[in-house]
Amino acid sequence: KMQGGFSEAFQVAGCLQLQFNGLSEGTEYIRSLDLSTAVAATRSRHGADWLERTVYASAPDKLIVVDLHTSAPGGLSFCANLDTPLHHTLEAIGGTGLQLSGKAPVHIPGAGSRNDEPVMFDPQAGHGMYYSVALSPLCVDGEVKVEQQEGKPVLCVEKASRCLLLVSISTGFRGYDQMPDLSSDAVTQRAWEPIKQLLNSESIHEPVLPAKRFERLRNGLQERHIAAHRRLFDRVQLRIGPERKMAITDK
Numbered sequence: 005k006m007q008g009g010f011s012e013a014f015q016v017a018g019c020l021q022l023q024f025n026g027l028s029e030g031t032e033y034i035r036s037l038d039l040s041t042a043v044a045a046t047r048s049r050h051g052a053d054w055l056e057r058t059v060y061a062s063a064p065d066k067l068i069v070v071d072l073h074t075s076a077p078g079g080l081s082f083c084a085n086l087d088t089p090l091h092h093t094l095e096a097i098g099g100t101g102l103q104l105s106g107k108a109p110v111h112i113p114g115a116g117s118r119n120d121e122p123v124m125f126d127p128q129a130g131h132g133m134y135y136s137v138a139l140s141p142l143c144v145d146g147e148v149k150v151e152q153q154e155g156k157p158v159l160c161v162e163k164a165s166r167c168l169l170l171v172s173i174s175t176g177f178r179g180y181d182q183m184p185d186l187s188s189d190a191v192t193q194r195a196w197e198p199i200k201q202l203l204n205s206e207s208i209h210e211p212v213l214p215a216k217r218f219e220r221l222r223n224g225l226q227e228r229h230i231a232a233h234r235r236l237f238d239r240v241q242l243r244i245g246p247e248r249k250m251a252i253t254d255k
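Residues in the sequence shown are numbered from 5 upward in steps of one, following this note's numbering.
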C-alpha cells in the first residue's frame, strides 16, 4: 500500500558495444568513479601500452561522452555497435554515424503481476513512446567509416590516437500531463540536435580533427560537465572514517 500499485518498467534505449582490434589480452584492470567530477573510468594494460576509457553524462551539452585513448600513438582501432532488446531499426548516417530508432512497449507490468501478456506493443500514436539513439565519433588521426557486418551497419575507427564517441538519446515524452505522441521523425531529429549543435558551434564538418582542435573541444566538453556537476554536488560534504586514496572493492 505504501508504494502503490504496479508501475511501468524502465527500458533500455540502447546498448553501446565496443570491439577493440589489435590488442593483446588485458591485465592490471582498474575501474573507478570520481564522485567529485561524475566521471567513470576503466584502464587496462595490453603489453607495453595502456587502454583507457572515461565516460560521463553531460547535462549542459545533453550528451553521453565516451573518451577512448591508448598510450600508443595511432594504436586505437575498434568497432562500435548499437543494439537494444526493443523493436528497432539501425542505419548508417552520413557514412560516419549510427542511428538506432524504435518504439517502446505500451505496457510492461511490474514484477509479481499476474498479467498473461507481460510485454504489449501498440502501433497507435501515443501508445508507447518512440525513441532514438544517435552515435557520432570525433577522433585524432586515423580513419572513421561505417561497415556492414552480418547485415548491420557498424561504426569502425582505425589507427586513431584518441577518439570521442558522442551519444544522444531522445524519446517522445512531452511532459507528465501530455500524451507521449511525438512522431518518430521528430524524435529522431531531436536526438541529433545536441550533436549538431556542438559540431556547428565548433565549425566541425569531418570526424577526424587535428590534435589541438580535438583537445580544445574535449576539454570544453569535460569542463562544462564538471562545472555543472559541482554546482550541485559541492553543496554537501560527507566524511566517513579516515581518508584512503585507493582501496580494493572487498576492503
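Heads up, the beta-carbon is just placed ideally off N, CA and C, and yes, glycines get one too.
From a predicted model like this one, the values you see are computed outputs, not experimental measurements.
When the options are compared against residue i, the one with the closest alpha-carbon
i, options, result
"Arg194", "Gln103, Glu29 and Glu56", "Gln103"
"Leu80", "Ala61, Phe24, Ala42 and Val69", "Phe24"
"Tyr60", "Ser172, Phe218 and Ala190", "Ser172"
"Ser48", "Ser40, Ile68, His73 and Lys149", "His73"
"Leu142", "Asp238, Arg220, Arg35 and Gly30", "Arg220"
"Arg57", "Ser36, Gly101 and Gly51", "Ser36"
"Glu29", "Asp53, Asp38 and Lys66", "Asp53"
"Gly106", "Gly99, Gly98, Asp126 and Thr100", "Asp126"
"Leu242", "Leu39, Glu151 and Leu168", "Leu39"
Continuous alpha helix (DSSP H) stretch holding residue i: start and end
i, result
"Asn223", "Ala215 to Phe237"
"Asp189", "Ser188 to Ser205"
Nearest-angstrom Cβ-Cβ length linking residue i and residue j, presumed shorter than 8 Å
i, j, result
"Ile112", "Ala13", "4 Å"
"Cys19", "Thr88", "6 Å"
"Pro184", "Met133", "4 Å"
"Leu90", "Gln15", "6 Å"
"Gly146", "Glu162", "6 Å"
"Glu95", "Pro157", "6 Å"
"Val144", "Phe218", "5 Å"
Below-9 Å beta-carbon distance, residue i vs any chain D residue
i, result
"His111", "Annotation note: the requested chain D is absent from the structure, which comprises a single protein chain."
Segment limits, beta strand (DSSP E) that includes residue i
i, result
"Ala138", "Tyr134 to Val144"
"Pro246", "That residue, Pro246, is in no beta strand (DSSP E); it is neither H nor E in DSSP."
"Gly101", "Gly101 to Lys107"
"His92", "His92 to Ile97"
"Val16", "Careful: Val16 lies outside any beta strand (DSSP E) and carries neither H nor E."
"Asp3", "One cannot answer for residue 3 here, as it falls past the ends of the chain, which runs 5 to 255."
C-alpha distance - residue i paired with residue j, whole-angstrom precision
i, j, result
"Glu32", "Arg166", "21 Å"
"Ile230", "Arg178", "28 Å"
"Val123", "Ser75", "46 Å"
"Leu236", "Glu154", "45 Å"
"Gly224", "Ala45", "18 Å"
"Cys160", "Asp238", "39 Å"
"Ile68", "Ile244", "31 Å"
Let me know the beta strand (DSSP E) ranges lying completely inside the segment 45–73, each 3 residues or longer, listed in chain order. 53–62
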